[in-house]
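One structure is given here, and the rest of the page talks about it.
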Ligand code: ADP
Ligand code: MG
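The following block contains the structure:
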């Protein structure tokens, strides 16, 4: 059903081809619907009128009711200015326009009552308002709303008189012309239990609120709807996946798992590790394909969980693969695991971009014959030439580096039944975001660190304390510890960044002539990088100067100090990730955040948060609030795009939860939305932009 709302914006009274082009270009408003769903970013209370005698320049937006006594056009033709003396019974003030002088002069009448609205300022000792909005107090539009909506516009639009007021007028025209002909998009079984406002009314109230209550109800309804359909989509995909994909049944725990548990496990599992392993085992026995996200803060022991799950796969005669985002990490996983499974006789191999052809060929053969049980590697794993005999489990470490599409590629490694998938991430994701980003996955959380970990002592230093910081480093290194020094990527140019890092390296050599210093950055060849890392790991160098390439996963327990240079330039999750590189051994560890004096409020908040807490989830929440979800790591790859028009994942977590529950209830009862009462839902779902979640393999 093509709707009235799908009409091109040019046909709206007050628009026309020229304005339509501007609206297309600047605001991506193409249709009536686009305009209607172009929501205000703020509202200003217009219930209160100020008297002119009370107006002063400290006030925010105000309105005064009065009349124009005189006009005066000043300046020359190129730089015209219009001054109006505006008065009420308490006094007078100036209204000033620099643009549209002729138009305004002609449209305003002397000695007629207007409401002038704007932000007061002072010029030559007199209070004035520059570019006030003038309104006839009897105008119909004025009466429709007491909270004035403000819309984002652009400089280009403002120059062409499409300011927030003009957009407000267009909204008014649109609502008039629609005359209530807006089809409801939510069926009664959704609307009624939540007492949601009708769409028609909500759209009117959001642009022209009658009072704060109606605005609140309207906003709630619109945010709910937006989040609800996303959740409905995600949850229905999950249902589809359950329908379509059978999973291998790992029915038994056998020799590998048991022997490992009894003989090899060097410590007691934490309660959280046990809980998560139980959750995973339940999936593996269910006959459905597992798709689980394992979240756990840095150092919470995810690798061990992954290994034990892999052992279950071997016990049931399946192969497993573990994929890491970098070569350093893949090597590290390989070595750690090889050590841990000693005596079990597990056949494992490492496959990365640098694996030699001959060895690679052997690996391929052994994978196909089924001899090889565990393959650890990088992206090289998803190359098409790699084929498994019986791949039962795929583990992906540090999820945020892999896109959804890459995950999907792994699924296809088997014809028929896809392997179980366990995705691990150390970037804690706030629940609200996880529900949306990874809503198609089940989520397990390791919310406990192994015992005995001392919280990392984090401090913030300004430049003037640099000497003390060096002194501290010296003490630590003399006591046998090792130190990371991380430099940010500052400029757009790789060359300059490298210079920045190299300067840092030279400086360290000067300051610490007795110590051996390593350097690692993204432009080095993988082999060189690994060699440097290895030197540091073996304690042959004491200080590691690096870019964020060391952000993920490397494990050097003896390193107890993390110095982050220009810390104000890093995002919160990155700072937390970097800090996680220390605190892995028995020693008290430190994170020193260096910054210049001039830092923004947001940077200050980030550094304060780091100093205050070690809790990754708390940090993730602050991050979400500071940055908004669009910027959080991983969201770009989500395929969702996050072009939310009104809801905000950082702030609307509660509404999201309600939407999620509602979507679950509906789909539990009617997974394919086949019932008559759910027809409307199915219709809107089918109209939604296909997200990346909708992989072709589902069809
Ligand atoms: P992450 O979750 O960041 O990947 P790792 O798996 O690398 O964490 O584990 C961090 C360190 O903690 C490793 O040295 C690992 O051996 C150790 N570890 C894991 N589980 C436990 C446990 N239950 N008790 C003590 N140490 C543990
Ligand atoms: Mg890890």
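Numbering (my numbering), first residue to last: 525 to 1223. Glycine included, each C-beta is placed from N, C-alpha and C at the ideal position. No experiment lies behind these values; they were computed from the predicted model shown.
Check                                                                                                                 : Outcome
Through-space distance from residue 1128 to residue 896, alpha-carbon basis                                           : 51 Å
CA-to-CA distance, residue 861 to residue 883, given in whole angstroms                                               : 20 Å
Distance between residue 1011 and residue 582 (C-alpha atoms, nearest Å)                                              : 43 Å
Separation of residue 821 from residue 1062, as counted between CA atoms                                              : 25 Å
Assigned exposure category for residue 1018 - 16 Cβ within 10 Å defines buried                                        : exposed
Rounded C-alpha distance that separates residue 567 from residue 1199                                                 : 41 Å
Every unbroken alpha helix (DSSP H) within the stretch 706-780, with a cutoff of 4 residues, ordered by chain         : 712-718, 723-731, 736-768
Own chain partners of residue 1165 with C-beta closer than 6 Å, once the 5 adjacent residues on each side are dropped : Its pLDDT being 43, under 50, residue 1165 is placed unreliably in this model, and the value from its coordinates should be taken loosely. Closer than 6 Å at the Cβ level, and outside the excluded window around residue 1165, lies no residue.
Near the ligand MG: residue 1061 beta-carbon under 7 Å from a heavy atom                                              : no
CA-to-CA distance, residue 750 to residue 709, given in whole angstroms                                               : 11 Å
Proximity below 8 Å, CB of residue 920 to CB of residue 847                                                           : yes
Bridge partners - residue 642, DSSP secondary structure assignment                                                    : 586
CB contact flag (residue 586, residue 579, <8 Å)                                                                      : yes
For residue 1090, the three-state DSSP class (helix, strand or coil)                                                  : coil
The ligand ADP heavy atom lying under 7 Å from the CB of residue 1079                                                 : yes
Residue 1084 in three-state terms, based on DSSP                                                                      : strand
Endpoints, beta strand (DSSP E) assigned at residue 575                                                               : Run containing residue 575: none; DSSP gives neither H nor E here.
Sub-8 Å separation of residue 978 and residue 813 beta-carbons                                                        : no
For residue 1187, the residue or residues it bridges with in DSSP                                                     : In DSSP, residue 1187 forms no bridge with anything.
Extent of the continuous beta strand (DSSP E) to which residue 901 belongs                                            : 898-901
CA-to-CA distance, residue 948 to residue 668, given in whole angstroms                                               : Because residue 668 carries a pLDDT of 47, less than 50, the predicted location of this residue cannot be relied on, and the following value inherits that uncertainty. So the two alpha carbons sit approximately 53 Å from each other.
CA nearest to the CA of residue 551, picked from 687, 609, 644                                                        : 687
Heavy atom of the ligand MG within 7 Å of residue 950 beta-carbon                                                     : yes
Three-state class that DSSP yields for residue 990 in the structure shown                                             : helix
Validate contact between the stretch 684-703 and the stretch 537-550 using beta carbons, cut 8 Å, 3 pairs             : yes
C-alpha distance - residue 1006 paired with residue 1188, whole-angstrom precision                                    : 50 Å
Beta-carbon proximity list for residue 721, same chain, < 6 Å, skipping 5 on both sides                               : 741, 742, 745
DSSP three-state assignment for residue 613, whether helix, strand or coil                                            : coil
Whole-angstrom distance between residue 1211 and residue 728, CA atom to CA atom                                      : 23 Å
Residue of 1193, 1190, 1150 minimising C-alpha distance to residue 1175                                               : 1150
Proximity below 8 Å, CB of residue 772 to CB of residue 1183                                                          : no
Residue 794 CB to nearest heavy atom of the ligand MG below 7 Å                                                       : no
Buried versus exposed call for residue 790 [16 or more other C-beta atoms within 10 Å across all chains shown]        : exposed
Local Cβ density within 10 Å of residue 901, reported as buried at 16 or more and exposed below that                  : buried
Backbone secondary structure at residue 531 - three-state DSSP                                                        : coil
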